[in-house]
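Chains as they are written, first to last, in the working numbering: chain Z, -11 to 119; chain H, 64 to 267.
Quick notes on the structure that follows.
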Amino acid sequence: MGTSLPINPAGHPWATIVALLVAAVLFGAAPLTLAWAWARFFSPAKPGAQKNATYECGLQAAGDAWVQINIAYYLYAIVFLVFDVETVFLVPFAAAFTGLSAGACVAMLVFLLLLVEGLIWACQKGVLTWT
Amino acid sequence: MDQDLKIELSKHGIFTTTLEELYNWGRKNSVWPLTFGLACCAIEMIASTMARYDLARFGAEVFRPSPRQADLIIVSGTVTKKMAPQVVRLYNQMPEPKYVIAMGACAISGGPFRSGYNVLKGIDRYIPVDVHIPGCPPRPEALIHAFMTLQAKIDAQELTGESRPRHLHADLPSEFPIPDFGEHGLEPPQNDEVFHNPLKVLEG
């Protein structure tokens, strides 16, 4: 052979790698083992019903943490359209009212009626009353 | 190790210690209190963590928002009977080893509200208190002094032997019974295993 491998006293060409591997594992495992042993003898676990209970600022936790909440976001979206978006469109409508054609007025009234229908529907759903 | 030998060695620039001392040194310089204020004393507690008094010098500036990460509960203020079960529950939820500073006249005895129908006459009726601070409210210096007293106590704790702290005794509980907020105050009125009535101690 033209190239020569580094001379290894242990004989096998992989011996250095194995030695480094063992050293690396020990380097990681030794502190963990020491910490575990120290905790085992000088900081023993003392679990209890209250200690393991859910932390709720000192109060007794009520119910389960996995609660499903019905947000019903579409109701907010409809009411937002009725009270906010409608106003935004009403301002240019009022400003250009005298110069509008009959067709444009009808189109705008249809738009208003649709939103009023939404308002009536939301009213019937009881969205506008505090529960 | 013999104390004289230790001093002699240190004169020659050789530092000796034990694992116990090293462990306690680390513990006493990283006491993390629970973010927990009850009344006006809490304002003084907050002031003691700010730049003027700077509790950070004692390694205790990290007020933890969860009892799981706290070593110390500072009962800073009036403990009403309605609040007492919550204080005991919070103490129970802290991991061992844990310490209690009763800050101010209210926390140690009920203070000016002692005669009130709704005030607990000292938190030491339910949980073991390590350091009591008198004052109404105590100044931040007093709280810092309590911290130093607690540090001295931690420093002197032995990990082995009969005098080792409570959490190293396997048979002693880590939780204390939570009183019930009943119709006529707290039931029971005190935990007799924790509370030693000073009047009865004087008599007996």
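Glycine included, C-beta positions come from ideal geometry on N, C-alpha and C.
It should be emphasised that the depicted structure is a prediction, and the values quoted were computed from it without experimental measurement.
Item                                                                                                                          : Value
Beta-ladder partner(s) of Phe244 (chain H), from DSSP                                                                         : H:Leu249
Same chain, Cβ closer than 8 Å to Asn155 (chain H), neighbours up to 5 away in sequence not counted                           : Ser237, Glu238, Phe239, Ile241
Straight-line gap, Gly179 (chain H) to Pro201 (chain H) (C-alpha atoms, nearest Å)                                            : 21 Å
Helix, strand or coil at Met108 (chain H) [DSSP, three-state]                                                                 : helix
Residues from the segment 160 to 186 of chain H in contact with chain Z, defined by Cβ distance under 7 Å                     : none
Paired residues, beta bridge with Tyr162 (chain H) - DSSP                                                                     : H:Leu135
Pro252 (chain H) versus Val115 (chain Z) - alpha carbon distance                                                              : 49 Å
Amino acids of chain Z, ordered along the chain, whose beta-carbon sits closer than 9 Å to that of Glu238 (chain H)           : Lys34, Gly36, Ala37, Gln38, Lys39
Opening and closing residue of the alpha helix (DSSP H) in which Val194 (chain H) lies                                        : Here Val194 (chain H) belongs to no alpha helix (DSSP H); instead the beta strand (DSSP E) covers 194 to 196.
Reduced DSSP secondary structure (H/G/I, E/B, other) of Met(-11) (chain Z)                                                    : Any reading at Met(-11) (chain Z) is ruled out, since the residue's pLDDT is 47, under 50, leaving its predicted position unreliable.
Gln269 (chain H) at chain Z interface by Cβ criterion, 7 Å                                                                    : Because chain H in this structure spans residues 64 to 267, residue 269 (chain H) falls outside the shown range and cannot be described.
Beta-carbon proximity of Thr98 (chain H) to Phe126 (chain H), cut-off 7 Å                                                     : yes
C-alpha distance - Ala104 (chain Z) paired with Ile59 (chain Z), whole-angstrom precision                                     : Checking the displayed sequence, the identity of residue 104 (chain Z) turns out to be Val instead of Ala. Approximately 23 Å, taken between the alpha carbons.
Residue-level contact to chain H via CB, Gly46 (chain Z), 7 Å cutoff                                                          : yes
Expected contact under 8 Å - CB spacing of Val102 (chain H) and Cys169 (chain H) to nearest Å                                 : Correcting the residue identity first, residue 102 (chain H) is Ala in this sequence and not Val. Confirmed, about 7 Å.
Straight-line gap, Gly46 (chain Z) to Arg152 (chain H) (C-alpha atoms, nearest Å)                                             : 6 Å
Beta-carbon gap between Gly106 (chain Z) and Val55 (chain Z) smaller than 7 Å                                                 : no
Below-7 Å beta-carbon distance, Tyr43 (chain Z) vs any chain H residue                                                        : yes
Span of the alpha helix (DSSP H), counted from its first residue to its last, around Lys113 (chain Z)                         : 90 to 113
Val10 (chain Z) - DSSP class collapsed to helix/strand/coil                                                                   : helix
Closer than 7 Å to chain H by CB, Phe15 (chain Z)                                                                             : no
Asp193 (chain H) CB to nearest heavy atom of the ligand FAD below 6 Å                                                         : Ligands displayed in this structure: none; no statement on the ligand FAD is therefore possible.
Inter-residue CB distance, Ile196 (chain H) and Ala209 (chain H) (contact presumed, cutoff 8 Å)                               : 5 Å
Partners in chain Z for Val264 (chain H), counting only beta-carbon separations shorter than 9 Å                              : The premise fails here: Val264 (chain H) is roughly 29 Å from chain Z at the closest Cβ pair, so nothing lies under 9 Å.
Near-chain Z residues of the segment 186 to 212 of chain H (beta-carbon distance less than 7 Å), N- to C-terminal order       : none
Inter-residue spacing [alpha-carbon to alpha-carbon] between Asp243 (chain H) and Glu84 (chain H)                             : 41 Å
CB contact below 7 Å: Leu85 (chain Z) versus chain H                                                                          : Going by the sequence as given, residue 85 (chain Z) is Phe instead of Leu. With 7 Å as the cut-off, Phe85 (chain Z) does not count as an interface residue toward chain H.
Own chain partners of Met(-11) (chain Z) with C-beta closer than 8 Å, once the 5 adjacent residues on each side are dropped   : Bear in mind that a pLDDT of 47 at Met(-11) (chain Z), under 50, signals an unreliable position, so the number given afterwards is only what the model happens to contain. Excluding sequence neighbours, Met(-11) (chain Z) sits near nothing in its chain.
Partner residues on chain Z for Ser129 (chain H), Cβ-Cβ distance less than 9 Å                                                : Tyr43
Segment contact, 8 Å Cβ cut-off, at least three pairs: the segment 78 to 96 of chain H with the segment 220 to 229 of chain H : yes
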